[in-house]
Amino acid sequence: MKIIYRLMLGYLAAAIFSGEGCINAKKMAATVGEGDGNRAVETILVAPQKLSYLRSASRPPAPASANLFLDKLSHIESVNLPSENFIQSDETTGKKRTFRLKIICSYLVFIFVVISLSIGTNTVNILSQAIALIKAKFETGNDKLPEAETVLHPKEEDIWNTIANMTQDLQQTAEYALDICEEMNVSIIATTPGGHILSLNQATCQLLGYSQKELLGKPVAELFKTTESPESGLELANLTAESSVRNVEKVYLSKQGKKIIVKLSISTIRDSKGEVRGKLYVSQDITYRKRAERNFRRSEKKFRQLIETVNAAALIYHRRQLRYVNSHTEAVTGYTREELLGLDLYDLIHPDFRETVKKWGKSSQPRSSAGSRYEVRILTKTGETRWIEATVHLIKFERKRSILVTAFDISDRKLAELELETSLSLLQATIESTADGILAVDGGGKVLSFNRKFAEMFELPDFLLDSRDNNQFLGFGINQLKYPEIFLSIGKELSDFPAAESVDIIEFKNGRILERYSIPQRTGGKITGRVFSFRDVTERLQSEEKLRKSEERFHLLTRATNDAVWDFELLKNEYWLSKEFEKLFGYKLNETQTIELESWWLNIHPEERERVKSSFNETMNSDAQCWSEEYSFRHADGGYVFVLDRGHIIRNASGKAVRAIGTMMDITQRKQAEEIIRYQAVYDQLTGLPNRILFNERLVVSLKQAKKTKKMLAVMFLDLDRFKKINDTLGHAAGDRLLEGFAGRITDTLRSTDTVARWGGDEFTVLLPEINCLEDAVKTAQRILDNLKPAFQLEGQPFHVSSSIGIAVYPNDGEDADALVKNADAALYRAKEMGRNNYQLYTSKINPQSSQLLTVENRLYEDIEQGKFEFFYQPKVNVTIWKMPGMEALLRSHSPELGLVAPATFIPIPEENGLIVPISQGVLETASTQNQAWQDAWQPDLGIAANFPARQFQQFNLYQTGVSCPLYQGRKKLPASSLFFPQYDCQLPPIVARIQSAAQ
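Take the sequence shown: its position 803, counting from 1, is numbered 802 in numbering that gives the first Met the number 0, and each next residue is one higher.
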């Protein structure tokens, strides 16, 4: 396409300068005299209407881009032309024509500019100067040609005919150029000098999503992203000497708000005077290319990040030149990245392997070899040789065919292989030097290897050794055995169970006895054969037989006891156990009933293992004769049992322990009983909470920790409000369930490090260790109160229970356990005085108040016994008739230490401890006596009122109490109102009616 554009551009340039040459050669006449037979040359104009007609005849209506030059022609006077021609002419050669070459050249210049911008040629300014030159030579008035100075010669007519034909061809070329501009995938926008859009092509509409109608007249700046909009002043400043800006990346915003990245070229359109008449914006959508570049950069970044994170050396080279290395390559070679990039690849390769590496870069390398692995030796910076396993891939890196090598350092593996080879050699030498006979066979029984000792034991001839024939080996050996059938039977069992290990005895006819030990040979986790070892045990077995009878007696003794008997020989490190060990612990002993001492230690509980080992070793290294320990031993079922292990130490003449014999006794039941006793001693049986003993122990420990860490702790004292009423109403079983539920809710509120204990009855204590401030304890107390708000279900009914809480904090309220508990208890009673269902913090004022109450309580007993209460009588006056119907008796207590004590202070004390009944009876007697005296003295109908406690009505002798008062004994008649109970605003019980009736 660019070639076509360049051809058109050259064609247009030739036409422009041809017109320029004709203008310079001759001045065309405006008119020619009729007398000489010459006709006037008619001025030919390509009017916009004609041009529109021509376009409509060949293609769809002209796009907005055509308006750019049509508007320039609109001010020129149109001429009526025949519809079949562009240029009017006669066939006669004498006819002369005139042209306005100014119009033709301007037209050609516009097409030239459009095409040059499309192919990136910076020629706009040059053609603008050419047009200005043409206009300067023609311009004498407003679109008027000057009168001709010279008459055309006949030869000149051919020139003008040629120009006319060229003009017609250029008209068609222009139409074709417009079609190209319309179909180009390049946005073309023409604007006014102020930046308003005059015309645009269809590609612009498709690019931005607008219609032509929406864009015409719109400021071109609105098409750009706000930060990308080129300001007019900035544009003019950036224009080059040719009045253009090339390849500036900008961002358009489509109608839908989509960002479109374009490469923008801006050119100025000037008139003949050089003044700017507009701007031409030519832009190409490069969004896809930019995204592709961004994705490529991201992909390359991810590749570099990935290659840096893999635990392998990675390098890329091109023609032995390293282009990239990762950090692991630096670690393996010892070079820095900069040093590696300056090295030749062969500088890193050991000379023995350079030919191998050379093949990696050959173009003839088959594609199937990509990803091939090679083991290569390399040279480090220090000259050290290392082995690597390299994987080779053919890739393109920086647009060049390159080779990617990922390598793992296998120097350690190579060293291990060398060590393995050495070990195999050493093993073979060891096998040959051992006193035991060694035989190795494969899975099918074929002889693989044996040592010289084996051949000597079985007295094999040399020809059998060379043949390694399994059948000949077997046949020759069986003939020497005393019991060949047993030998064959064991061989069959090992064949049926290839994973089994075996130890047996082989007896020869000549009296020799061999011990055979056999284990399977495994390769890669699979059994591939079997290895036998043979040892001559003739002398050992004979000695053992001598010991057998003496040991038989020992075994009989061990069976007579239920304890497991053990025998530990320190020199042999052999630990023997009696059969009772199997019964006690469930383990199956081997034939020799021996185990390794290390396996014995492993069966001891991990938390006690070091203690037991240390105790045993210390006893062995000392001069002690006995050893005893209690510990947990693992049973075969995975559980642990408690054992009492006791032993007697046997020492040699120098006092060194050489042997120990002892017994193991199962004491699990005894330990469990002790644990139950321990649990019952420190835990509450009803709620499962710690009791006061365990609580005090934990409090002491927490106080020690608090003193070290300089932190606070809190003690809470709680009880259930009115628990006695529920317990008495629903019974003790319901009360127990309530206590269990109460304990559960408190526990759910606390931390795992906190302790809640049942102090006794309905009283509970809470320990909050390691709190940061007093507010932590307050929040905990509030959570407890909130958690108690939901009802408890007792006997199928909901019951709401509250609690009173007293709080004491270390170190403010006490520094020892007794002081904290005592002060928390005092704060609890303060909470009860404040109306229950609340918490109170201990203060220094609480204890004096408690002491005061204790003094008042002690004083009450003396006042009752000695009658030291003081009575006051308050008159009752009927203000209507101004008459005093009676008096109310008021009781007061007077203490030498406290003075006059108010009823609100001392009355609750006798109500709680039951002293209110005798006090009430004394009040009744005193008030009755005083009332009788007043009646006798001055008012017979005077009544007396006294407070009668609720507890008095629960007494079975209430009737006797009433009739025994002086009022009744004096047989004086009293009105019905003379004995009044002001605290009861309800119908009096029948017993009170009987008292009133008796008094009357």
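Note that CB positions come from ideal geometry on N, CA and C, so glycine has one too.
According to the neighbour-count rule (16 or more other Cβ atoms, all chains shown, within 10 Å of its Cβ), is Gly734 buried or exposed? buried
Per DSSP, the bridge partner or partners of Gln792: Pro797
Member of Glu629, Val916 and Asp435 whose CA lies at the smallest distance from the CA of Arg669: Glu629
Cross-strand partners of Pro1002 (DSSP beta bridge): A query on residue 1002 cannot be resolved here, the shown segment of the chain reaching from 0 to 999 and no further.
What runs of the beta strand (DSSP E), each 3 residues or longer, lie entirely inside the stretch 520-574? 525-535 and 563-568
Collapsed DSSP secondary structure at His731 in the structure displayed: helix
Is it buried or exposed, Gly277, if we count other Cβ atoms within 10 angstroms and call 16 or more buried? buried
Tell me, which residues are paired with Gly277 by DSSP? Ile268
Answer yes or no: do Gly661 and Arg650 have a C-beta to C-beta separation smaller than 8 Å? no
Out of curiosity, what's the CA-to-CA distance linking Asp562 and Lys548? 23 Å
Measuring CB to CB, does Val536 end up less than 8 Å from Leu513? yes
Can you give me the C-alpha to C-alpha distance between Leu340 and Ser401, rounded to a whole angstrom? 14 Å
Give the DSSP-derived three-state secondary structure of Met883 in the structure shown. strand
Please report the distance separating the alpha-carbon of Pro605 from that of Lys612. 11 Å
Test item: CB-CB of Leu252 and Leu279 under 8 Å: no
What did DSSP end up calling Phe507 once you bin it into helix, strand or coil? strand
Cβ-Cβ separation, Ala312 to Val331 (assumed contact under 8 Å), whole Å: 5 Å
Spatially closest choice to Arg757 from Asp718, His327, Gly795 and Lys867, by CA coordinates: Asp718
Helix or strand or just coil, what does DSSP make of Thr1003? In this structure the chain extends from 0 to 999, so residue 1003 is not present and cannot be described.
Applying the criterion that 16 or more other CB atoms from any shown protein chain within 10 Å of the CB defines a buried residue, is Pro59 buried or exposed? Here Pro59 scores only 40 on pLDDT, less than 50, and its place in the model is too uncertain to base an answer on.
Going by the CB atoms, is the gap between Asn469 and Phe445 shorter than 8 Å? It is Lys, not Phe, that sits at residue 445 in the sequence shown. Yes, these two residues count as a Cβ contact at 8 Å.
Is it a yes or a no for the stretch 504-521 touching the stretch 418-427, going by three-plus beta-carbon pairs under 8 Å? no
Pick out whichever of Val820, Lys399, Glu420 and Ser802 has its Cα sitting closest to the Cα of Met833. Ser802
Whole angstroms are fine: how far does the CA of Tyr323 sit from the CA of Arg336? 8 Å
Would you list the residues sitting across from Val356 in a DSSP beta bridge? Answer by DSSP bridge pairing: none, since Val356 is not bridged.
Simplified DSSP state of Thr190, which is helix, strand or coil: strand
Can you look up Tyr482 in the DSSP assignment and give me helix, strand or coil? coil
Do Gly805 and Phe870 have their C-beta atoms closer together than 8 Å? no
By Cβ distance, which residues of its chain are closer than 6 Å to Phe979, with the 5 residues on each side in sequence left out? Summary for Phe979: the model assigns pLDDT 45, below 50, so the residue's position carries little reliability, and this model does not support an answer.
Give every residue of the same chain whose Cβ lies closer than 8 Å to the Cβ of Leu235, excluding the five residues on either side of it in the sequence, and list them in chain order. Residue placement at Leu235 is poorly supported in this model, since its pLDDT is 41, which falls under 50; the coordinates still yield a value, given next. Nothing meets the Cβ criterion.
Taking three-plus beta-carbon pairs below 8 Å as touching, is the stretch 685-700 in contact with the stretch 770-780? no
In whole angstroms, give me the CA-to-CA distance for Leu596 and Thr328. 51 Å
When the Cβ atoms of the stretch 285-294 are set against those of the stretch 373-385, are three or more pairs found closer than 8 Å? no
Where do the ends of the beta strand (DSSP E) carrying Met663 lie? Ala656 to Asp665
Please name the residue in Val922, Met886 and Arg303 whose C-alpha comes closest to that of Phe868. Val922
Drop a sphere of 10 angstroms on the beta-carbon of Gly36, count the other beta-carbons inside from all chains shown, and report buried for 16 or more, exposed for fewer. At Gly36 the pLDDT is 40, less than 50, meaning the model places this residue with poor confidence and gives no usable figure here.
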